[in-house]
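Peer 1:
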Amino acid sequence: MKKYSLYLVAVLGSVLFLSGCGNQNGNDSSNGALASNNAEKVYVAPGEHDEFYAFMSGGYSGNVAVYGLPSGRMFKEIPVFSQFPTNGYGYSEETKPMLETSFGFVPADDSHHPDISQTNGELDGRWLFINGNNTPRIARIDLKTFETAEIIEVPNSAGNHSSSYITENSEYVVAGTRFSVPIPQRDMPIKDYKGNFKGALSFISVEPETGRMDIKFQLIMPGFNYDLSHPGRGKSHGWFFFTTYNTEEANSLLEVNASQNDKDFIAAVNWKKIEEYVENGGGTMVPANYTHNVYSDETHSATSTMKKEVLTVDPTKVPGAVFFMPTPKSPHGVDVNPTGDYIVGNGKLSADLTVFSFDKMIAAIDGKKYDGEAYGLPILKFEDVLAGQVKSGGLGPLHTEFDGKGNAYTTFFISSEVVKWKVGTWEVIDRKPTFYSVGHCMIPGGNSRKPFGKYLVSMNKITKDRYLPTGPELEHSAQLYDISGDKMELIYDFPTHGEPHYAAAIPASILAPKSQKIYKLAENEHPFATKNVSDARVVRDGNEVHVYMAMIRSHFTPDNIEGVKVGDKVYFHITNHEQDFDVPHGFMMIGQKNSGLLIMPGQTKTSVWEPKKEGVWPFYCTDFCSALHQEMQGYIRVSPAKSNIDLSWSLGE
Ligand code: RUQ
Ligand code: CUA
Numbered sequence: 018m019k020k021y022s023l024y025l026v027a028v029l030g031s032v033l034f035l036s037g038c039g040n041q042n043g044n045d046s047s048n049g050a051l052a053s054n055n056a057e058k059v060y061v062a063p064g065e066h067d068e069f070y071a072f073m074s075g076g077y078s079g080n081v082a083v084y085g086l087p088s089g090r091m092f093k094e095i096p097v098f099s100q101f102p103t104n105g106y107g108y109s110e111e112t113k114p115m116l117e118t119s120f121g122f123v124p125a126d127d128s129h130h131p132d133i134s135q136t137n138g139e140l141d142g143r144w145l146f147i148n149g150n151n152t153p154r155i156a157r158i159d160l161k162t163f164e165t166a167e168i169i170e171v172p173n174s175a176g177n178h179s180s181s182y183i184t185e186n187s188e189y190v191v192a193g194t195r196f197s198v199p200i201p202q203r204d205m206p207i208k209d210y211k212g213n214f215k216g217a218l219s220f221i222s223v224e225p226e227t228g229r230m231d232i233k234f235q236l237i238m239p240g241f242n243y244d245l246s247h248p249g250r251g252k253s254h255g256w257f258f259f260t261t262y263n264t265e266e267a268n269s270l271l272e273v274n275a276s277q278n279d280k281d282f283i284a285a286v287n288w289k290k291i292e293e294y295v296e297n298g299g300g301t302m303v304p305a306n307y308t309h310n311v312y313s314d315e316t317h318s319a320t321s322t323m324k325k326e327v328l329t330v331d332p333t334k335v336p337g338a339v340f341f342m343p344t345p346k347s348p349h350g351v352d353v354n355p356t357g358d359y360i361v362g363n364g365k366l367s368a369d370l371t372v373f374s375f376d377k378m379i380a381a382i383d384g385k386k387y388d389g390e391a392y393g394l395p396i397l398k399f400e401d402v403l404a405g406q407v408k409s410g411g412l413g414p415l416h417t418e419f420d421g422k423g424n425a426y427t428t429f430f431i432s433s434e435v436v437k438w439k440v441g442t443w444e445v446i447d448r449k450p451t452f453y454s455v456g457h458c459m460i461p462g463g464n465s466r467k468p469f470g471k472y473l474v475s476m477n478k479i480t481k482d483r484y485l486p487t488g489p490e491l492e493h494s495a496q497l498y499d500i501s502g503d504k505m506e507l508i509y510d511f512p513t514h515g516e517p518h519y520a521a522a523i524p525a526s527i528l529a530p531k532s533q534k535i536y537k538l539a540e541n542e543h544p545f546a547t548k549n550v551s552d553a554r555v556v557r558d559g560n561e562v563h564v565y566m567a568m569i570r571s572h573f574t575p576d577n578i579e580g581v582k583v584g585d586k587v588y589f590h591i592t593n594h595e596q597d598f599d600v601p602h603g604f605m606m607i608g609q610k611n612s613g614l615l616i617m618p619g620q621t622k623t624s625v626w627e628p629k630k631e632g633v634w635p636f637y638c639t640d641f642c643s644a645l646h647q648e649m650q651g652y653i654r655v656s657p658a659k660s661n662i663d664l665s666w667s668l669g670e
């Protein structure tokens with residue numbers, strides 16, 4: 018309680034202070050989070066905008082949430098892999114195809130690692146990619162509309178965790194499997210895992226103009242667990258790095274059995290070489306079932322296509338394409354610094370970080386100095402590729418980000434801290450506690466050639482006493498550090514939704530000007546759009562009833578419908594005629610088993626209602642859109658199945 022009021026005093030103090038004399042942005046490292054100087058750093062005054070957009074994965078929510086930095090204000094939750102009643106995503110007829118998979122309709126997932134598209138290694142702000150970890154999928158979100166535009170399923174994968182990371186010209190979004198499985202899937206004894214299960218690393222091409230995804234090839238690797246990955250950049254562009262654990266290939270009690278080997282591997286994949294191989298006809302096309310779901314802003318509808326084959330590559334057939342670098346001890350994150358010189362392995366059972374040199378790796382490969390092989394793939398000698406070790410004294414390193422000023426920041430889960438160290442000298446410069454048990458950290462642009470090294474966000478797994486208790490379940494806590502000075506300063510806590518595993522952030526100056534305000538009604542190509550009010554109508558087709566409806570402040574056209582019968586299936590195709598920014602209308606119908614709809618200006622959405630009872634049933638607008646919002650309502654008369662009342666509709670008669 019005391020802390021809380023102190024903090025309030027600090028915020029209030031800073032408000033007063035702001036209106037008074039100018040404040041200097043000195044680097045006052047001695048104060049804790051309670052200093053008024055820190056309160057100012059996160060205070061975004063009413064009407065002012067944040068400096069960055071941060072896209073945080075929602076973990077088991079299956080979604081992405083958008084926050085402002087430094088304020089920690091949440092702007093939007095973007096539904097991706099999960100049904101979302103707030104706006105009808107995954108419930109409306111138009112968006113149901115987005116959640117189709119080879120397993121059928123899958124309305125939830127576990128989303129982990131967002132990454133923003135890049136041009137020349139810099140964030141270009143066109144698209145955000147994110148993985149569905151559970152039912153392997155990669156989604157592309159359009160950063161003009163902040164809507165999910167495309168989802169592609171990843172076959173031969175299981176636990177799509179070393180995903181979704183972008184190469185520096187967005188040539189590929191890469192998705193690797195965490196669990197190795199039989200490829201192709203088949204009925205076999207689990208104990209025969211070793212030597213028989215395989216791990217697929219998928220390279221999904223991104224069409225430069227449209228962003229459309231397609232699986233270019235899948236590398237069929239030994240049956241390890243491929244945990245995380247990162248692209249090379251700069252001089253290492255053309256390579257991709259994957260951490261592995263369970264090189265023991267254990268199939269049970271992994272906490273013991275997958276921790277036997279002193280070193281696992283970072284797999285270095287020369288994807289340019291494999292690309293060349295497949296472009297010259299290499300690889301084997303194999304049967305596979307996976308969906309490709311695409312949403313169109315013109316028809317406001319998604320389509321789902323089942324793809325039937327995928328190109329696989331046996332890495333032993335492409336000499337010089339894949340090498341293993343021995344890495345202690347069950348590494349989790351693998352991170353590449355902005356210049357592409359160094360590859361950092363975060364061995365989660367180790368105290369030290371292992372840093373490899375890209376130049377040394379190339380020299381070792383050129384010199385063919387191997388330390389044996391694994392399933393026909395060369396293992397490089399640890400000492401030959403090692404650039405240095407960060408002796409941090411922390412425990413349980415997970416992930417590393419970079420500030421673009423020659424520093425790296427590594428999270429340590431077990432010792433609950435962020436450690437800042439110098440790239441090249443490997444010396445530890447600073448360390449700050451996190452509250453508590455940090456997973457990932459994120460610096461805007463931290464996974465690119467050009468980070469914006471002003472803030473670091475730590476995404477913590479355990480919240481405990483950081484917020485007012487909300488029963489047994491607490492939202493995870495993020496913490497914001499000012500990293501502009503020599504020492505990190507914890508300046509803010511804010512709750513995040515679901516479990517953010519990673520995040521990607523970008524200057525608002527890149528995204529905000531491009532953000533779409535409305536959909537143009539004139540460009541609406543939805544087959545059931547009602548673009549002129551005079552076209553509003555109700556059409557019967559057997560026991561299907563199609564309502565072509567328009568909405569504008571503050572009425573539906575039509576708002577009285579008769580002639581609907583018990584047992585009918587009523588499709589409401591509703592077009593929002595507003596052409597003003599931020600004027601959606603909502604729709605809900607009594608007894609409807611789908612969610613309601615939230616329809617943006619110029620957009621058409623469809624919801625199905627199956628009336629079960631005779632009577633006169635209301636529907637209404639769910640979004641307070643005008644002073645007469647409560648008047649935005651209508652009725653549907655439902656008659657017995659055998660009645661012969663004709664369909665009729667009206668407004669204002
Ligand atoms: S990742 S921190 Cu480390 Cu998917 Cu969760
Ligand atoms: Cu439309 Cu409320």
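Using my numbering, you'd call the opening residue of the sequence shown number 18 and step up by one each time. For every residue, glycine included, the Cβ atom is placed at its ideal position computed from N, Cα and C. Keep in mind the model is a prediction, meaning the values are calculated, not measured.
Secondary structure at E226, three-state DSSP: helix, strand or coil?
Peer 2: Translated into positions along the sequence shown, residue 226 becomes position 209. Note: E226 maps to coil in three-state DSSP.
Peer 1: I need the DSSP call for M115, collapsed to helix, strand or coil.
Peer 2: Translated into positions along the sequence shown, residue 115 becomes position 98. M115 falls in the helix class under three-state DSSP.
Peer 1: Given 7 Å as the limit, tell me if H416 has its C-beta closer than that to any heavy atom belonging to ligand 1.
Peer 2: Working through the sequence shown from its first residue, we reach residue 416 at position 399. Yes, since a heavy atom of ligand 1 falls inside the 7 Å radius drawn around the Cβ of H416.
Peer 1: Quick check: what's the CA-CA separation for V303 versus M115?
Peer 2: Position 286 of the sequence shown, counted from the start, is the residue given in the question as residue 303. Position 98 of the sequence shown, counted from the start, is the residue given in the question as residue 115. Taking the straight line from one Cα to the other gives about 25 Å.
Peer 1: List, from N- to C-terminal side, the alpha helix (DSSP H) runs of 4 residues or more that fit wholly inside the stretch 241-307.
Peer 2: Secondary structure remark: continuous alpha helix (DSSP H) runs of at least 4 residues inside the stretch 241-307, in chain order: 271-274, 288-296.
Peer 1: Relative to ligand 1, is the shortest distance from any of its heavy atoms to the C-beta of G176 smaller than 7 Å?
Peer 2: Within the sequence shown, numbered from 1, the residue matching residue 176 stands at position 159. No, Cβ of G176 sits at least 7 Å from all heavy atoms of ligand 1.
Peer 1: Which residues mark the beginning and the end of the alpha helix (DSSP H) in which S526 is found?
Peer 2: Here residue 526 corresponds to residue number 509 of the sequence shown, with the count starting at 1. Element bounds for S526: 525-528.
Peer 1: Taking 8 Å as the cut-off, does the stretch 55-63 touch the stretch 498-515 (at least 3 CB pairs, one atom from each stretch)?
Peer 2: Yes: the two stretches touch, three or more of their Cβ pairs being nearer than 8 Å.
Peer 1: Under a Cβ-count criterion, where at least 16 other Cβ atoms within 10 Å of its own Cβ denotes burial, should T301 be classed as buried or exposed?
Peer 2: As a working note, residue 301 is residue 284 in the sequence shown. Residue burial annotation: T301 is exposed, with fewer than 16 other C-beta atoms found within 10 angstroms of its C-beta.
Peer 1: How far does the beta strand (DSSP E) with M605 in it extend, from its first residue to its last?
Peer 2: Working through the sequence shown from its first residue, we reach residue 605 at position 588. Looking at the DSSP string, the run of the beta strand (DSSP E) that includes M605 is 602-606.
Peer 1: Straight-line CA distance for I616 to G603?
Peer 2: For the purposes of this step, residue 616 is taken as the residue at position 599 of the sequence shown. For the purposes of this step, residue 603 is taken as the residue at position 586 of the sequence shown. Spanning the two alpha carbons is a distance of roughly 6 Å.
Peer 1: Is DSSP giving D352 helix, strand or coil here?
Peer 2: Walking along the sequence shown from the start, residue 352 turns up at place 335. DSSP places D352 in strand when its eight states are reduced to three.
Peer 1: Where does P575 land, buried or exposed, given buried means 16+ other C-beta within 10 angstroms?
Peer 2: Counted from its first residue, the sequence shown places residue 575 at position 558. Burial call: buried.
Peer 1: Confirm the yes/no value for this check: CB of G350, any heavy atom of ligand 1, distance under 7 Å.
Peer 2: Numbered from its first residue, the sequence shown carries residue 350 at position 333. The answer is yes for G350.
Peer 1: Apply the 10 Å Cβ neighbour rule to Q620 and answer buried if 16 or more other Cβ atoms are within range, or exposed otherwise.
Peer 2: Residue 620 sits at position 603 when you count from the first residue of the sequence shown. By the neighbour-count rule (16 or more Cβ atoms within 10 Å), Q620 is buried.
Peer 1: For F636, which residues in the same chain have their Cβ closer than 6 Å to its Cβ, ignoring the five residues on either side in sequence?
Peer 2: Against the sequence shown, residue 636 aligns to sequence position 619. So the qualifying residues of the chain are M606, G651.
Peer 1: Would you say the stretch 349-362 touches the stretch 320-336, given that touching needs at least three Cβ pairs under 8 Å?
Peer 2: Judged by Cβ distances under 8 Å, the stretch 349-362 makes no contact with the stretch 320-336, as fewer than three pairs qualify.
Peer 1: Less than 8 Å between the beta carbons of F282 and F341, yes or no?
Peer 2: Taking the first residue of the sequence shown as 1, we reach residue 282 at position 265. Taking the first residue of the sequence shown as 1, we reach residue 341 at position 324. Yes. Within cutoff.
Peer 1: As a quick exercise: from T136, D482, L397, P172, pick the residue whose alpha carbon is nearest that of K324.
Peer 2: In the sequence shown, the residue the question calls residue 324 occupies position 307. Here the closest residue by C-alpha is P172.
Peer 1: Going along the chain, which residues of its own chain have a beta-carbon closer than 7 Å to the beta-carbon of G176, five neighbours each way excluded?
Peer 2: To locate residue 176, count along the sequence shown from 1; it is residue 159. Within the same chain, G176 has close Cβ partners N150, T194, R195, F196.
Peer 1: Taking 7 Å as the cut-off, does the CB of S571 come closer than this to any heavy atom belonging to ligand 2?
Peer 2: Indexing the sequence shown from 1 puts residue 571 at position 554. Yes, Cβ of S571 sits closer than 7 Å to a heavy atom of ligand 2.
Peer 1: Would the C-beta of M617 count as close to ligand 2, meaning under 7 Å from any of its heavy atoms?
Peer 2: What you label residue 617 is simply residue 600 of the sequence shown in a count that begins at 1. Every heavy atom of ligand 2 is 7 Å or more from the Cβ of M617, so no.
Peer 1: Buried or exposed for E516, going by 16 or more other Cβ atoms inside 10 Å?
Peer 2: One-based indexing of the sequence shown puts residue 516 at position 499. Burial is judged here by how many other beta carbons sit within 10 angstroms of a residue's own beta carbon; E516 has at least 16 and is buried.
Peer 1: For the 8 Å Cβ check, are there 3 or more pairs between the stretch 398-411 and the stretch 240-247?
Peer 2: no
Peer 1: Does any heavy atom of ligand 2 sit closer than 7 Å to the C-beta of F373?
Peer 2: Against the sequence shown, residue 373 aligns to sequence position 356. Answer for F373: no, Cβ out of range of ligand 2.
Peer 1: Work out the CA separation of F120 and Y14 for me, nearest whole Å.
Peer 2: In this structure the chain extends from 18 to 670, so residue 14 is not present and cannot be described.
Peer 1: Using the C-alpha atoms, what's the distance from D141 back to K531?
Peer 2: Position 514 of the sequence shown, counted from the first residue, corresponds to residue 531. Position 124 of the sequence shown, counted from the first residue, corresponds to residue 141. If I take the Cα positions, the gap works out to 11 Å.
Peer 1: To the nearest angstrom, how far is it from the Cα of V435 to the Cα of Y426?
Peer 2: Position 418 of the sequence shown, counted from the start, is the residue given in the question as residue 435. Position 409 of the sequence shown, counted from the start, is the residue given in the question as residue 426. Near 6 Å, if we compare the C-alpha coordinates of Y426 and V435.
Peer 1: Short of 7 Å in beta carbon distance, which residues of its chain neighbour S276, apart from the five on each side in sequence? Order them along the chain.
Peer 2: Your numbering for residue 276 matches position 259 in the sequence shown. Excluding sequence neighbours, S276 sits near S347, L366.
Peer 1: Counting along the chain, where does the beta strand (DSSP E) carrying D597 start and finish?
Peer 2: Counted from its first residue, the sequence shown places residue 597 at position 580. Here D597 belongs to no beta strand (DSSP E), and DSSP marks it neither H nor E.
Peer 1: Where does Y106 land, buried or exposed, given buried means 16+ other C-beta within 10 angstroms?
Peer 2: Here residue 106 is taken as the residue at index 89 of the sequence shown, counted from 1. Under this definition Y106 is a buried residue.
Peer 1: Using a Cβ-Cβ cutoff of less than 6 Å, which residues in the same chain neighbour G255 once the five nearest sequence positions on both sides are dropped?
Peer 2: Mapped onto the sequence shown, residue 255 falls at position 238. Closer than 6 Å at Cβ, skipping near neighbours: K289.
Peer 1: Can you list, in chain order, the residues of its chain whose CB lies under 7 Å from that of S78, leaving out five sequence neighbours each side?
Peer 2: Start at 1 with the first residue of the sequence shown, and residue 78 comes out as number 61. Answer for S78: S99, H514, G515, listed in chain order.
Peer 1: Quick check: is any heavy atom of ligand 2 less than 7 Å from the C-beta of F598?
Peer 2: Position 581 of the sequence shown, counted from the first residue, corresponds to residue 598. Annotation for F598 indicates a beta carbon at 7 Å or more from all heavy atoms of ligand 2.
Peer 1: Please report the distance separating the alpha-carbon of L538 from that of L145.
Peer 2: Start at 1 with the first residue of the sequence shown, and residue 538 comes out as number 521. Start at 1 with the first residue of the sequence shown, and residue 145 comes out as number 128. Rounded to the nearest angstrom, the two C-alpha atoms are 26 Å apart.
Peer 1: Identify the continuous beta strand (DSSP E) that holds I431 and give its terminal residues.
Peer 2: Here residue 431 is taken as the residue at index 414 of the sequence shown, counted from 1. Note, I431: premise wrong, no beta strand (DSSP E); not H, not E.
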